[in-house]
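These notes are about the structure you will find just below.
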Amino acid sequence: MDLDLSGKVALVTGASSGIGLAIAQILAAEGASVAINARDAARLNQAAASVPGASTFAADVRMPDACQALVRDVLYRHGRIDVLVCNVGSGASVPPGWETPDEWRRILDINLHATTQMVWAATDALASSRGNVICISSICGIEALGCPVAYAAAKAALESFVRNAARPLGKRGIRINSIAPGNILFPGSVWERKLQEDRTAVESLLEREVALRCLGRPEDIGRLTAFIASPMAAFITGATYVVDGGQVRS
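Position one of the sequence shown corresponds to residue 6 (the numbering used here), numbered consecutively onward.
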């Protein structure tokens, strides 16, 4: 499908592996000029080899100043930003009830502030291009699934941010949507580790909880991201797309 992304500039955060890298690869395949971001410059440069024409920008988007500098650098290199994909996140935390104030701040910085700060830093650029934002969230922010409490709360806050930001951003011509992945398998993922530790337990979970009885792939998220980013989704904003094989029931 031609998504009419040729000539568009897409900035993807958290793009050195997994879902972020797949998103960058698919956007590039659709003709976009892709700027990829991550904290680790070496891993980022390695990832860029699989994204045709990608430019790399190492920065820690948990820091507001770094977000502003990243946007300035991308604009200097490409002249515009049409698509912002906020993919930074991590579900690794402590067992429920063991969250300290420092752990809450750490999880919120990764899973909420890394997105809200990037949107804040890029809003003027996106308004100029009448661009759009796609936030990669999680089904843990939608239902109580037994994941770490701080992570679930941060992703729920991210979902609320998307819904509530849609109107003020819309007044400036900017769309914002989110994708809530379920269980996604890729090298280095938690699901790769769980399969290695106890494949039977994973298969039992999928049989019991997931309608399609399988794990997802990063490409499942990447293809949907490309569609939402494209002019074909021009009338869609403030929406959440669940991609979980039928795990969420609400």
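By construction, the Cβ of each residue, glycine as well, lies at the ideal position given by its N, Cα and C atoms.
- Here L8 is buried. Its C-beta has 16 or more other C-beta atoms within 10 Å.
- A37 is not a Cβ neighbour of A20, given a cutoff of 8 angstroms.
- Taking the Cα of G243 as reference, the smallest distance to any Cα among R228, I179, R48 and W196 is reached at I179.
- At a Cβ-Cβ threshold of 8 angstroms, I226 and V248 count as neighbours.
- In this chain, the beta strand (DSSP E) harbouring A43 covers S38 to A43.
- In chain order, A33 place their CB closer than 7 angstroms to the CB of P57, counting only its own chain and leaving out the 5 sequence neighbours on each side.
- Shortest Cα-Cα distance from Y81 to any of A130, Q122 and T120 involves A130.
- If you ignore the 5 residues before and after E108, its C-beta comes within less than 8 angstroms of the C-beta of S98, V99 and A155, all in its own chain and listed in chain order.
- Annotated as distal: I86 and S11, with beta-carbon spacing of 8 angstroms or more.
- The three-state reading of DSSP puts I189 in strand, counting E and B together.
- In the three-state scheme derived from DSSP, where H, G and I count as helix and E and B as strand, S165 is classed as helix.
- Ranked by Cα distance from P101, the options P186, T245, L163 and C152 are led by C152.
- The Cβ atoms of I184 and I139 lie closer than 8 angstroms to each other.
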